[in-house]
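Have a look at the structure below, then the notes.
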Amino acid sequence: MYVTESKEKSEFIFRCLNLLNFWVYGACGICFFYLVNPFIKLWVGEDYLFPIAVVAVIVANFLTDGLQNAVISYKDACGLFWEGKFRPIASALLNIVFSLILVRFLGITGVILGTIASRFLTTWWFDALLVHKRAFNKSPAGYYFRYLRYLAIVVATALLVYPVANLIDATNLILWAAKGFVCFLIPNVTFLTIFRNTEEFRYILMIVKDLLTHFFKR
0 MYVTESKEKS
10 EFIFRCLNLL
20 NFWVYGACGI
30 CFFYLVNPFI
40 KLWVGEDYLF
50 PIAVVAVIVA
60 NFLTDGLQNA
70 VISYKDACGL
80 FWEGKFRPIA
90 SALLNIVFSL
100 ILVRFLGITG
110 VILGTIASRF
120 LTTWWFDALL
130 VHKRAFNKSP
140 AGYYFRYLRY
150 LAIVVATALL
160 VYPVANLIDA
170 TNLILWAAKG
180 FVCFLIPNVT
190 FLTIFRNTEE
200 FRYILMIVKD
210 LLTHFFKR
């Protein structure tokens with residue numbers, strides 16, 4: 000894409016991939032947050048439940064890692080390896096330092112928080128800066144804003160799901176599945192309401208329709 004398309008079109012596809020990543024990882028993260036402990040309770044009992052803080056940081060790590068996919072894909076496609084050769088080393092060192100410090104106070108939660116913190120201090124801003132400056136010839140400010148907006152939307156949507164999901168006491172697999180349906184439906188409806196009129200969503204929808212049309216014509 001970077002080689003064959005204009006920089007403007009390539010950057011637009013990049014934004015589409017970012018939206019798609021946000022949608023998938025955001026919806027899945029919310030489902031995991033509300034469903035993992037009820038499933039563990041059904042499976043092996045209450046003694047093995049995760050503390051809510053652990054679940055929250057696992058989801059945060061899953062989400063922040065997933066939202067990097069588009070940047071990493073473009074960085075690799077553009078061959079921007081040399082410019083960022085020291086970033087993985089810096090990220091790994093910070094991860095070790097933060098994790099060793101935080102684990103003393105927060106346990107496993109601190110280890111995961113250390114990973115998230117090192118990602119934001121290195122990978123998040125640096126890779127986006129590299130891709131936007133080298134591949135798109137523009138400032139990454141818009142990307143940073145959209146990223147933080149996506150995180151805010153996920154948090155707000157998770158809070159929106161809470162009162163509804165909390166009404167369902169998943170005492171069996173059927174009720175757990177019902178809880179899962181609610182946790183899946185509300186984020187997707189919310190995201191659709193927010194993004195349905197954007198160019199990125201319309202482009203993704205067009206691609207999906209073309210793929211489905213091609214599939215069913217085979």
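Note that numbering that gives the first Met the number 0 numbers the sequence shown so that position 43 is 42, with each residue one more than the last.
Using N, Cα and C, we set each Cβ at its ideal position, and we do this for glycine too.
Pick helix, strand or coil for residue i, following the three-state DSSP scheme.
{"i": "Val28", "result": "Before going on, a small fix: residue 28 reads as Gly here, not Val. Looking at Gly28 - three-state DSSP - the assignment turns out to be helix."}
{"i": "Phe80", "result": "coil"}
{"i": "Thr212", "result": "helix"}
{"i": "Phe222", "result": "The question about residue 222 has no answer here: the residues shown for the chain are numbered 0 through 217."}
{"i": "Arg86", "result": "helix"}
{"i": "Asp75", "result": "helix"}
{"i": "Arg14", "result": "helix"}
{"i": "Thr189", "result": "helix"}
{"i": "Val43", "result": "coil"}
For residue i, count neighbouring C-beta atoms within 10 Å of its own C-beta (all shown protein chains included) and say buried if the count is 16 or more, exposed if not.
{"i": "Thr114", "result": "buried"}
{"i": "Lys74", "result": "buried"}
{"i": "Tyr146", "result": "buried"}
{"i": "Pro50", "result": "exposed"}
{"i": "Thr192", "result": "exposed"}
{"i": "Val130", "result": "buried"}
{"i": "Ser9", "result": "buried"}
{"i": "Asp46", "result": "exposed"}
{"i": "Val207", "result": "exposed"}
{"i": "Ile88", "result": "exposed"}
{"i": "Ala137", "result": "Reading off the sequence shown, one finds Lys at residue 137, where the question assumed Ala. Exposed."}
{"i": "Leu92", "result": "exposed"}
{"i": "Asn165", "result": "exposed"}
Please list, in chain order, all residues of the same chain as residue i whose beta carbon is under 8 Å from its beta carbon, the five residues on each side excluded.
{"i": "Arg15", "result": "It should be noted that the sequence gives Cys, not Arg, for residue 15. Correct list, in chain order: Glu199, Tyr202, Ile203."}
Excluding the 5 residues flanking residue i on each side, which residues of the same chain have their C-beta closer than 7 Å to its C-beta?
{"i": "Phe11", "result": "none"}
{"i": "Ala59", "result": "Ile115"}
{"i": "Val102", "result": "Gly109, Val110"}
So, at 6 Å on beta carbons, what are the nonlocal neighbours of residue i in its own chain, with the 5 sequence-adjacent residues on each side left out?
{"i": "Asn17", "result": "Ala69"}
{"i": "Phe61", "result": "Gly28"}
Please give me, in chain order, every unbroken run of the alpha helix (DSSP H) with length at least 4 that falls completely inside the segment 109-165. 124-130, 140-164
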